[in-house]
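Numbering (full-length UniProt numbering), first residue to last: 1 to 359.
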């Protein structure tokens, strides 16, 4: 028999093992009994079999890529986290492969993961809203992949990196309380987002300590400016009276400012507004937006580092890392001014007085 015609099957037949066992031996797998390994090596030597090194390298190759499953990149936060992931991946010698999931659908998430897995990617970061059960199910369903999540609840037993959403929102609410605002409107992010849920819970936890403060309404947005505009417009058309708007993101706050302007409500004199994120543009809103800063770039970079380090460590418990937030004071918040904010009430009293005099 000529050497060039010897195949895996010939070696397997002579050694009386499966072709899979021959493959494991030639690839140096430790999961082979020593006596079996000796039989296979003896058969290889007897037959003069030369393993295909190209196929071996292909079979053992690991992708030098970091996978990212993200929401729409038109959102400032999503694009900045992706940029942090790209930068840190490059520094570590990895490329990035991106898949956008534009709606909360587990079928679409698994499709994206299967596509990344087919590229032999072992490190995947998910910057999409997932609940505890969904995130833990994915870790169990894909045991060969090192996952890091960006928008999951703190109770999820998965590896995660995210902003200190609750602490940041506490800072925002306490800041508003100090300005003596009394009637609060909430414009939140999507209900399925843990980040949004934590911010809303923090607002409520602070305000419930002050019985004289009223939450006028809580309306759900989608992180984008148009939803901030639409929800605020609806509230005003419904006759809601408020002197403060807590907004779940700066992009939504931009829409809030436009709606207030269209109703001739001055910011911050009549209505104070505070956002969350500190986007690049928020300093150039009119008025410049007071907001809570979160460091998206650091979130992305830390997510990559955590994912890669998972391969080299014996991780037995889920690791959560929070990135600090801070308040950025600009021009959309000021202390309540009795004379300024009572103009509407004074006008109403004057109308009533005129009617009484007319009678």
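The beta carbon of each residue, even a glycine, is placed where N, CA and C say it ideally should be.
query: Using the C-alpha atoms, what's the distance from residue 295 back to residue 163?
result: In the chain shown, counting from the first residue as 1, residue 163 sits at position 163. In the chain shown, counting from the first residue as 1, residue 295 sits at position 295. Using only the alpha carbons, I get a separation of about 7 Å.
field: Beta bridge counterpart(s) of residue 65 as assigned by DSSP
entry: Reading the chain shown from its first residue, position 65 is the one you call residue 65. For residue 65, which the question treats as bridged, DSSP gives the partners 95.
Closer than 8 Å to chain C by CB, residue 160: In summary, chain C is missing from the structure at hand, where a single protein chain is found.
Which listed residue (221, 280, 216) has its alpha carbon closest to that of residue 238: Here residue 238 corresponds to residue number 238 of the chain shown, with the count starting at 1. For residue 238, the closest of 221, 280, 216 by C-alpha to C-alpha distance is 216.
message: Tell me whether the segment 265-275 and the segment 250-257 touch, counting them as touching only if at least three CB pairs, one residue from each stretch, are closer than 8 Å.
response: They touch, by the three-pair rule.
- request: Ignore the nearest five residues each way along the sequence and tell me which others in residue 198's own chain have a CB closer than 6 Å to its CB.
  value: Here residue 198 refers to the residue found at position 198 when the chain shown is read from its first residue. 165, 166, listed in sequence order.
query: Smallest Cα separation from residue 90: which of 184, 66, 117, 74?
result: As a first step, residue 90 must be located in the chain shown, where it is residue number 90. When each option's Cα is compared against that of residue 90, the closest is 66.
Classification of residue 33 by the beta-carbon crowding that lies within 10 angstroms, buried from 16 upward: Against the chain shown, residue 33 aligns to sequence position 33. Its Cβ having fewer than 16 others within 10 Å, residue 33 is exposed.
query: Which first and last residues belong to the beta strand (DSSP E) in which residue 273 is found?
result: Along the chain shown, read from residue 1 onward, the residue named residue 273 stands at position 273. Unbroken beta strand (DSSP E) run through residue 273: 272-274.
task: Leaving out five residues on either side along the sequence, give the residues of the same chain with a beta carbon under 7 Å from the beta carbon of residue 227.
output: In the chain shown, counting from the first residue as 1, residue 227 sits at position 227. 221, 252, 255.
query: Is residue 111 helix, strand or coil when you go by DSSP?
result: Here residue 111 corresponds to residue number 111 of the chain shown, with the count starting at 1. Residue 111 falls in the helix class under three-state DSSP.
- request: Could you pull out every residue in the same chain whose Cβ sits closer than 8 Å to the Cβ of residue 318, ignoring the five residues on either side in sequence?
  value: Here residue 318 corresponds to residue number 318 of the chain shown, with the count starting at 1. The residues are 156, 157, 158, 159, 160.
query: Is residue 282 near residue 275, with beta carbons less than 8 Å apart?
result: Sequence index remark: in the chain shown, residue 282 carries index 282 (1-based). Sequence index remark: in the chain shown, residue 275 carries index 275 (1-based). Yes; because the gap between Cβ atoms is below 8 Å, this pair is in contact.
query: Are residue 45 and residue 15 close, meaning C-beta to C-beta below 8 Å?
result: By 1-based counting over the chain shown, the position of residue 45 is 45. By 1-based counting over the chain shown, the position of residue 15 is 15. Contact: no.
message: Considering Cα atoms alone, identify which of 336, 129, 248, 142 is closest to residue 123.
response: To locate residue 123, count along the chain shown from 1; it is residue 123. For residue 123, the nearest C-alpha among the options comes from 142.
field: Minimum C-alpha distance to residue 236 - residue among 203, 149, 185, 299
entry: Along the chain shown, read from residue 1 onward, the residue named residue 236 stands at position 236. Selected option, being the one with the closest Cα: 185.
Nearest-angstrom Cβ-Cβ length linking residue 125 and residue 68, presumed shorter than 8 Å: Position 125 of the chain shown, counting from 1, holds the residue named residue 125. Position 68 of the chain shown, counting from 1, holds the residue named residue 68. Contact holds; Cβ gap of about 5 Å.
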